[in-house]
Structure formats: structure tokens, C-alpha cells
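**Student:**
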Amino acid sequence: MAIESLGVGSSLDLTSLLSGLKSAEQEKLAPINSKLSSTNAKLSGFGQLTQSLESFQTAAQKLNSPKLYEGFATKVSGSALTATAGSTAAAGSYDIKINSLATAQSLATTGRADTTSAIGTGTLSVKVGDKSTDVEITDGSLAGIRDAINKSDAGVTASIVNDGSGTPYRLVLSSETTGAASKMSLSSDNSDLSALFSGATETVAAADASLTVNGLAIKSASNTVEEAIQGVTLNLVETTAEGASTKLTVSQDTDSVKTAVQDFVKAYNSLADKITSLTKVDAEGDKVKGAALTGNSTVRSVQSTLRNVMSSAVGGEGMNYLFEAGVSFSKDLTKSGKLEISDEKTLDDALANNLDGVKGLFAGDGKTGIAAKLDTSITQMLTNNGAVASAKSGLESSVKSLEARSLRMQDTIDATVERYKKQFQQLDVMMSKLNNTQSYLTQQFDALNGASKN
1 MAIESLGVGS SLDLTSLLSG LKSAEQEKLA PINSKLSSTN AKLSGFGQLT
51 QSLESFQTAA QKLNSPKLYE GFATKVSGSA LTATAGSTAA AGSYDIKINS
101 LATAQSLATT GRADTTSAIG TGTLSVKVGD KSTDVEITDG SLAGIRDAIN
151 KSDAGVTASI VNDGSGTPYR LVLSSETTGA ASKMSLSSDN SDLSALFSGA
201 TETVAAADAS LTVNGLAIKS ASNTVEEAIQ GVTLNLVETT AEGASTKLTV
251 SQDTDSVKTA VQDFVKAYNS LADKITSLTK VDAEGDKVKG AALTGNSTVR
301 SVQSTLRNVM SSAVGGEGMN YLFEAGVSFS KDLTKSGKLE ISDEKTLDDA
351 LANNLDGVKG LFAGDGKTGI AAKLDTSITQ MLTNNGAVAS AKSGLESSVK
401 SLEARSLRMQ DTIDATVERY KKQFQQLDVM MSKLNNTQSY LTQQFDALNG
451 ASKN
């Protein structure tokens with residue numbers, strides 16, 4: 001008998017009674033679910049803390065990289081060129097004049113009436129500088145020759161242009177390589193093909209770039225000029241005006257270091273804000289409500305460890321404390337526990353005049369600097385046996401245990417409700433029988449009473 005039919009035989013509201021009993025039984029899950037919710041919230045909190053720690057660690061790792069302090073920056077006046085400096089560059093200033101840019105040769109054949117009429121087939125030898133490539137021409141039309149050259153990887157690009165004349169279609173060949181040594185020559189075993197290219201006109205000559213650096217004449221086959229200045233790559237864009245020059249300054253890249261320090265401060269403060277949000281206490285009327293990790297000893301340990309590293313002295317000569325680089329914990333109570341660049345002039349002076357000291361402060365020998373120690377500490381926290389990883393592992397185990405306990409309790413509740421249901425069904429059947437018996441006896445007694453009156 002279905003639950004919906006309970007009470008039909010007994011005329012009792014057994015369905016509502018069973019529903020009430022089921023709700024009462026479900027209350028047994030409340031403490032487990034509450035604990036599960038709290039544990040999941042803590043696990044989520046440690047997930048957020050891990051992400052913030054990793055972001056801060058990334059910022060620290062950048063300050064711990066030796067390459068950060070070895071970089072050079074370039075500054076160029078005007079638009080004639082751009083420049084990039086590598087780690088082997090040296091500081092200096094250079095006057096650069098660009099007399100001419102490197103160009104790639106371009107040839108144009110005589111015009112033809114259409115692009116589809118056959119010219120000739122056979123082997124076309126395409127030579128660019130010292131490289132020679134044989135191209136098989138099977139479709140001897142202008143379009144076919146173009147396509148065969150473009151598919152050959154001969155170092156030449158072919159295209160068809162229309163010059164608007166009576167025989168407008170001309171095959172234009174452009175070398176893919178700049179420089180005087182990259183001239184093109186084309187020949188064929190087919191006389192018609194040879195005639196086509198032997199009559200070609202040079203529209204752009206192959207030429208080297210010509211420039212002077214501090215008065216020294218330099219030629220380059222490419223507009224990308226490497227090592228004309230030690231460790232610097234020049235990208236030539238346009239010629240300089242007669243009598244004018246472009247000023248190039250190569251200097252130590254302190255801007256990148258400053259940016260890394262600023263990012264370090266921002267990343268720590270972001271971590272501090274995250275810890276505050278995870279451990280804060282809010283008052284709701286007469287009640288006090290804590291966040292997911294309020295009072296958590298692991299979080300306090302993480303915060304204390306990081307502050308101790310940043311407040312402790314770095315051994316060796318030169319800078320020993322963060323404040324010597326203009327960085328310190330804020331004295332503003334509204335920013336309690338946060339880092340700030342408290343003296344930007346001090347930082348700028350340190351970067352300009354004592355970059356080795358800044359490197360020693362943050363990186364040291366890769367293990368002794370503040371950033372290096374922070375990197376090591378955070379790695380230890382997040383490894384399998386670390387404080388944060390262990391806390392997360394313990395919470396994950398608790399979640400699994402509570403979920404299993406919840407399932408077991410639900411099974412018990414379902415079994416209890418099912419037992420109640422069967423008992424109510426039995427009661428319904430029994431009451432139905434009793435009601436039927438009562439009805440029968442009532443009818444019999446009524447019949448006897450009627451007989452006796454007669």
C-alpha cells in the first residue's frame with residue numbers, strides 16, 4: 001500500500017504523521033551537515049590561501065632571479081630605429097645615422113595579354129645569392145609559372161600585377177632576402193621561359209643597409225643589425241635626415257627591478273588582505289561570527305613566518321634590511337600588517353647607485369636574500385608535509401569521513417522511516433478490519449433490536 005493511501009482504512013491522517021516523523025528523523029543529519037559545511041568552508045579557505053601564497057611566491061621568485069639585475073634597457077630618440085639589449089650589452093651612448101635601408105631585389109617580366117595562355121614548360125633554375133633551386137614548370141601559363149615558383153621554396157615570391165597597358169599582366173618576382181648578395185637570376189632549358197625572364201626589368205635593386213655608429217661606417221645585408229653595438233640589436237626602420245642622427249642610450253635596466261619590487265609589495269598586500277578576510281570576526285547583533293579560518297593556528301603560523309623573514313637581517317656586506325631599499329611595514333594603523341614603499345627616493349637611489357646591494361638584499365646568492373628565503377619558506381608550506389598542505393590534507397580527510405557518516409545516517413533514517421511506514425500500513429489494515437467488524441456488529445444489533453420490537 002502506497003504512502004498516499006495511508007489512513008484510508010483507519011480514517012487517521014497517517015500520511016501527515018509519517019511525514020512529521022520523517023522530518024524529525026532528518027534532523028539527525030543537521031549536526032553532521034553543519035560540521036561538513038564548516039569543514040568545506042575551511043578547505044575552501046585554505047585553497048584561497050594557497051593561491052595567494054603562490055602569487056606572492058611568484059613575485060618573490062622574480063626578485064630572486066639573477067637575470068633581473070643583469071638586464072639592460074635602451075632609449076632611442078626619433079623613429080628611425082628601435083633597439084633591444086641583451087645581457088652582454090654595456091652601458092653607453094651612441095649617435096647613429098642611417099644612410100640607406102637594406103632592400104630585396106624585385107624583377108618584373110614584360111607584359112602579356114592574359115594569364116592563362118601557354119608560354120613554355122620545363123625546368124626553371126632560380127638562383128638567389130648562392131642558393132639555386134630547380135622548379136619544374138608543368139603549367140606553362142603566367143599563373144602556372146607563378147604558382148610553381150611559390151610552391152618551390154626557392155626564396156622568391158611571385159605575383160601577377162596588372163599595369164593597365166594593352167598587355168597588362170606582368171610576373172613580379174621578389175627575393176625573400178635583403179642585401180646586395182641576394183640578387184636573383186633565372187634561366188631555363190626552355191627557350192620561351194628563358195626569354196620571359198631574360199627580358200625582365202629590375203624594379204628594386206638588391207642593396208645592403210648603410211649606417212654609421214659614432215662615425216664608424218657599417219654595412220648590413222639585413223635591416224636587423226646585430227652586434228654592431230655589443231649585445232644590442234638594431235632594427236632599422238627609416239633613413240635619418242641629412243645632417244641628423246638618432247641617439248641611442250644603453251643603460252642598466254633598473255625600471256624592471258623597480259617594477260618587480262612594486263609587484264612584490266602588491267602581492268604581499270594581496271595575501272595580507274586574503275588572510276584578513278579569512279580570519280576576520282563580524283558582529284551580527286548580539287552574536288559574533290567568525291570567518292572560515294578565524295583563530296586557525298596554521299594561518300597564524302604562515303603569517304608569522306613570512307613577517308619574520310621580511311623583518312630579519314640579510315647577512316653580508318651591503319643592504320641588510322628592507323627599509324634600506326625604501327620598503328617597510330606600514331605604520332598606518334588602517335594598513336596594519338601591510339608592506340609599502342615608504343621612501344621611493346631611497347629605492348630609486350639604491351637602484352641607480354647600488355644595484356648590487358639591492359640584488360644582495362632580495363636574492364643574495366640565490367638562497368640568502370629575503371626573496372630567496374620567502375621562496376623556500378612558501379615551498380615548504382605548500383609541499384606534502386608542509387603546514388598548509390597538511391592542514392588541507394587533514395580537512396579533506398574530515399570531509400570524506402563526514403560524507404561517509406552522512407550517507408550511513410541517511411541509510412539509518414531511511415530504514416527507520418520505512419519501518420514506520422510498514423507499521424502504519426499494518427495499523428491501517430488492522431483498523432480497517434476492526435471498523436468492518438464494528439460495522440457488521442452494529443448492523444446485527446440494529447437488526448435484533450428491530451425484531452424484538454415487533
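Counting from 1, one number per residue, gives the positions in the sequence shown under full-length UniProt numbering.
Glycine residues also receive a C-beta, built at the ideal position from the N, C-alpha and C atoms.
1) Measure the alpha-carbon distance for residue 443 versus residue 426 and round it to whole angstroms.
2) Candidates 314, 363, 87, 386: which alpha carbon is nearest residue 230's?
3) Less than 7 Å between C-beta atoms, sequence neighbours within five positions excluded: which residues of the same chain meet that for residue 362?
4) Whole beta strand (DSSP E) runs in the region 230-289 with 3 or more residues, listed along the chain?
5) Can residue 258 and residue 348 be called in contact, C-beta distance under 9 Å?
6) Going by the CB atoms, is the gap between residue 173 and residue 149 shorter than 9 Å?
7) Helix, strand or coil, according to DSSP, for residue 205 in the structure here?
8) Measuring from the CB of residue 439, is there a heavy atom of the ligand ZN at a distance below 8 Å?
9) Would you give the residue range spanned by the beta strand (DSSP E) that residue 162 belongs to?
10) Does the Cβ of residue 455 have 16 or more other Cβ atoms within 10 Å, making it buried, or fewer, making it exposed?
11) Mapping the DSSP letters down to three states, classify residue 342 as helix, strand or coil.
12) Extract the residue ranges of the beta strand (DSSP E) inside the region 380-426, only unbroken runs of 3 or more that lie entirely within it.
13) Between residue 339 and residue 329, what straight-line distance do the alpha-carbon atoms span, to the nearest angstrom?
14) Spatial neighbours of residue 121 within its chain, please: CB distance less than 7 Å, with the 5 preceding and 5 following residues excluded, ordered by chain position.
15) Would the region 32-47 and the region 395-407 be scored as touching if the rule is three or more Cβ pairs under 8 Å?
16) Out of 23, 27, 51, 32, which has the shortest C-alpha to C-alpha gap to residue 271?
17) For residue 291, which three-state DSSP category applies?
18) Thinking C-alpha only, which one of 284, 116, 321, 248 is nearest residue 74?
19) Leaving out the 5 sequence neighbours to the left and right, which residues in its chain are closer than 8 Å to residue 314 when beta-carbon positions are compared?
20) From which residue to which residue does the alpha helix (DSSP H) around residue 146 run?
21) For residue 4, count neighbouring Cβ atoms within 10 angstroms of its own Cβ and tell me buried if that reaches 16, exposed if not.
22) Please specify which runs of the alpha helix (DSSP H), each continuous and at least 4 residues long, are wholly inside the region 53-110, giving them in chain order.
23) Under 9 Å between the Cβ atoms of residue 273 and residue 72?
24) What do you reckon, are the CB atoms on residue 171 and residue 196 nearer than 9 Å?
25) Could you have a look at residue 442 and say whether DSSP puts it in helix, strand or coil?
26) What separation, rounded to the nearest whole angstrom, lies between the Cα atoms of residue 78 and residue 104?
27) Can you tell me whether residue 440 is buried or exposed, with buried defined as 16 or more other CB within 10 angstroms of its CB?
28) Just curious, the beta strand (DSSP E) that residue 124 is in, first and last residue?
29) Are the CB atoms of residue 100 and residue 209 within a distance shorter than 9 Å?
30) Residues bridged to residue 135 by DSSP?
31) So residue 184 is in the beta strand (DSSP E); what residue range does that whole segment cover?
32) Strictly under 9 Å for the Cβ-Cβ distance: is residue 433 near chain B by that measure?
33) Given a cut-off of 9 Å on the beta-carbon distance, is the pair residue 350 and residue 325 in contact?
**Tutor:** Once the coordinates are examined:
1) Along the sequence shown, read from residue 1 onward, the residue named residue 443 stands at position 443. Along the sequence shown, read from residue 1 onward, the residue named residue 426 stands at position 426. CA-to-CA, the gap between residue 443 and residue 426 works out to about 26 Å.
2) Here residue 230 refers to the residue found at position 230 when the sequence shown is read from its first residue. It is 87.
3) Reading the sequence shown from its first residue, position 362 is the one you call residue 362. Answer for residue 362: 63, 64, 369, 370, 371, listed in chain order.
4) 232-236, 246-252, 281-284
5) Within the sequence shown, the letter at position 258 stands for residue 258. Within the sequence shown, the letter at position 348 stands for residue 348. Cβ atoms of residue 258 and residue 348: closer than 9 Å.
6) The residue labelled residue 149 in the question sits at position 149 within the sequence shown. The residue labelled residue 173 in the question sits at position 173 within the sequence shown. Taking 9 Å as the Cβ cut-off, residue 149 and residue 173 qualify as a contacting pair.
7) Looking up residue 205 in the sequence shown gives position 205. Here DSSP, grouped into helix, strand and coil, assigns residue 205 to coil.
8) With respect to the ligand ZN, the structure shown offers nothing to examine, as it has no ligands at all.
9) Along the sequence shown, read from residue 1 onward, the residue named residue 162 stands at position 162. Where residue 162 is concerned, the enclosing beta strand (DSSP E) stretches over 156-162.
10) This structure leaves residue 455 out entirely; the chain is present only between 1 and 454.
11) Your numbering for residue 342 matches position 342 in the sequence shown. If DSSP states are grouped into helix, strand and coil, residue 342 belongs with coil.
12) none
13) For the purposes of this step, residue 339 is taken as the residue at position 339 of the sequence shown. For the purposes of this step, residue 329 is taken as the residue at position 329 of the sequence shown. About 4 Å.
14) Here residue 121 is taken as the residue at index 121 of the sequence shown, counted from 1. Excluding residues within five positions, the ones whose Cβ falls inside 7 Å are 137, 138, 140, 190.
15) Contact holds: three or more Cβ-Cβ distances are below 8 Å.
16) Reading the sequence shown from its first residue, position 271 is the one you call residue 271. Residue 51 holds the alpha-carbon nearest to the alpha-carbon of residue 271 among 23, 27, 51, 32.
17) Counted from its first residue, the sequence shown places residue 291 at position 291. In this structure, residue 291 counts as coil in the three-state DSSP scheme.
18) Counting from one through the sequence shown, the residue named residue 74 turns up at place 74. Out of 284, 116, 321, 248, 248 has the C-alpha closest to the C-alpha of residue 74.
19) Your numbering for residue 314 matches position 314 in the sequence shown. Counting only Cβ-Cβ distances below 8 Å, and skipping sequence neighbours, we find 320, 321, 360, 361, 364, 368, 369, 370.
20) For the purposes of this step, residue 146 is identified with residue 146 of the sequence shown, where counting begins at 1. Where residue 146 is concerned, the enclosing alpha helix (DSSP H) stretches over 142-150.
21) Position 4 of the sequence shown holds residue 4. Low confidence applies to residue 4: its pLDDT is 48, below 50, so where it sits in the model is not reliable enough to give any reading.
22) With a minimum length of 4 residues, no continuous alpha helix (DSSP H) run stays inside the region 53-110.
23) Walking along the sequence shown from the start, residue 273 turns up at place 273. Walking along the sequence shown from the start, residue 72 turns up at place 72. Cβ atoms of residue 273 and residue 72: not closer than 9 Å.
24) On the sequence shown, residue 171 is found 171 positions in, with the first residue counted as 1. On the sequence shown, residue 196 is found 196 positions in, with the first residue counted as 1. In this structure, residue 196 lies closer than 9 Å to residue 171 by Cβ.
25) Here the question's residue 442 lines up with position 442 in the sequence shown. Residue 442: helix per DSSP, three-state reduction.
26) Working through the sequence shown from its first residue, we reach residue 78 at position 78. Working through the sequence shown from its first residue, we reach residue 104 at position 104. Going from the Cα of residue 78 to the Cα of residue 104 covers about 25 Å.
27) Mapped onto the sequence shown, residue 440 falls at position 440. Burial call: exposed.
28) Along the sequence shown, one-based indexing puts residue 124 at 124. Unbroken beta strand (DSSP E) run through residue 124: 122-128.
29) Start at 1 with the first residue of the sequence shown, and residue 209 comes out as number 209. Start at 1 with the first residue of the sequence shown, and residue 100 comes out as number 100. It is a contact, given that the beta carbons lie within the stated cut-off.
30) The residue labelled residue 135 in the question sits at position 135 within the sequence shown. Under DSSP, residue 135 shares a beta bridge with 124.
31) If you number the sequence shown from 1, residue 184 lands on position 184. Looking at the DSSP string, the run of the beta strand (DSSP E) that includes residue 184 is 184-188.
32) As a matter of chain content, chain B is missing from the structure shown, which is built from one protein chain.
33) Start at 1 with the first residue of the sequence shown, and residue 350 comes out as number 350. Start at 1 with the first residue of the sequence shown, and residue 325 comes out as number 325. Cβ atoms of residue 350 and residue 325: closer than 9 Å.
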